[in-house]
Amino acid sequence: MGKHEAHKRIHDHTLANEDSVLTEERHNSNWLAEKVISFSKRRGDNLTRRQNAAILRYRTDSIFNLSKADAHRTDEEVLATYKILFDDLFFFGSLFPKCKTFLTYPSGRKKLLHGYTNCDEEFKLKWEFPFLQKHLEAEITVCRSNEKRRRERLRNYLGTLLHEMIHAFLGIWGCRYKGCYNTWQRQGVRGHGHAWQDMAAAVEIAAADRDLLGLELDLGRLKNLAVDIVYEKRGLPLSEELEKWDMRREDVARICNEVEKQSLVTKLFGYR
Ligand SMILES: [Zn+2]
Ligand SMILES: [Zn+2]
């Protein structure tokens with residue numbers, strides 16, 4: 561790890577109107593979270609051009625329809641289309657084409673992990689040297705589930721996808737310098753620190769908003785918080801954090817109990 565470089569900030573106007581304005585590993589995770597949150601709250605006239613175009617596609621193209629009637633669209637096609645939608649709505653279009661998505665059957669240990677923890681995805685960063693230039697890329701793997709009901713199955717995949725896209729976004733653009741990275745206020749030990757939780761709450765609420773997508777997704781926010789509390793000595797959330805994340809203290813305690821009772825697999829591999 562080299563010398564720490566000053567964090568870059570970008571004006572809202574630039575983020576809203578220009579492409580490719582972020583720099584790999586050069587932004588404070590909290591600043592990135594702040595921008596994602598504020599853009600996720602835009603509605604009506606305040607939507608960016610990119611967001612507007614995305615919503616228009618969402619409202620007119622049947623590929624976004626999760627019902628049985630559109631079962632001729634493969635899960636891969638739907639996932640790929642939603643990835644671009646989420647990217648345009650929440651991540652300034654900054655993840656395309658840096659972020660690849662795969663839908664696969666889990667094997668080996670991952671099968672075990674899947675069976676025990678409902679953890680159905682993994683994420684990794686890949687380094688490439690095409691022109692002796694460092695390029696960060698994210699590969700998101702969403703594990704196939706046996707859920708027969710199309711809407712339920714796709715909703716699970718989309719929750720996982722959005723969860724992982726937040727990791728990809730922070731992983732690619734966030735400063736990875738030690739003190740800037742793994743503190744709880746930022747990305748935390750397993751990547752679900754405040755920056756992740758803040759963004760996850762905001763995009764989950766925005767996706768559910770009928771004025772935006774009207775799509776209820778579960779990003780696994782509670783479960784991941786509980787894993788951090790039980791296995792990583794993360795402190796219990798403060799009242800203002802619970803409020804910000806739209807969580808109830810008793811739910812956090814209940815999920816912590818469930819996590820504690822689960823097999824060691826959870827401890828070893830965790831939720832991603
Ligand atoms: Zn830094
Ligand atoms: Zn995660």
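Just so we're aligned, residue 561 is where the sequence shown starts under the numbering used here, counting upward by one. All C-beta atoms, glycine included, are put in the ideal place defined by N, C-alpha and C.
- By the neighbour-count criterion, in which a residue is buried when 16 or more other Cβ atoms sit within 10 angstroms of its Cβ, Lys-595 is buried.
- Residue state for Lys-660 is assigned as strand, using DSSP reduced to three classes.
- Excluding residues up to 5 positions away in sequence, Thr-583, Arg-586 and His-587 lie with their Cβ nearer than 6 Å to the Cβ of Lys-568 in the same chain.
- In the three-state reduction of the DSSP assignment, Glu-776 falls in the coil class.
- For Asn-716, the CB stays at least 7 Å from every heavy atom of ligand 2.
- In this structure, the CA atom of Asp-630 is about 43 Å from the CA atom of Glu-792.
- Residue side-chain check: Gly-748 keeps its Cβ at 7 Å or more from all non-hydrogen atoms of ligand 2.
- Close CB contacts of Asn-716 within its chain, under the 8 Å cut and outside five residues either way in sequence, are with Asp-680, Ser-705, Glu-707 and Asp-778 (chain order).
- One alpha carbon belongs to Gln-822, the other to Ala-813, and they sit about 15 Å apart.
- Taking the C-beta atoms as reference points, Leu-655 is found nearer than 8 Å to Ala-728.
- By the neighbour-count criterion, in which a residue is buried when 16 or more other Cβ atoms sit within 10 angstroms of its Cβ, Asn-784 is buried.
- Distance check between Leu-718 and each of Gly-753, Asp-758, Ala-755 and Asn-625 places Asn-625 closest, using alpha-carbon atoms only.
- Segment contact: the stretch 655-664 against the stretch 742-749, fewer than three CB-CB distances shorter than 8 Å; contact not assigned.
- By alpha-carbon distance to Asn-742, the top candidate from Arg-809, Gly-753 and Glu-801 is Gly-753.
- Within the same chain, and ignoring the five residues on either side of His-564 in sequence, the residues whose Cβ sits closer than 6 Å to its Cβ are Tyr-737.
- With 16 or more other Cβ atoms from the protein chains shown falling within 10 Å of its own Cβ, Asp-758 counts as buried.
- With fewer than 16 other Cβ atoms inside 10 Å of its own Cβ, Gly-774 counts as exposed.
- The closest heavy atom of ligand 1 lies 7 Å or more from the beta carbon of His-754.
- Rounded to the nearest whole angstrom, the C-alpha separation of Asp-605 and Ala-755 is 27 Å.
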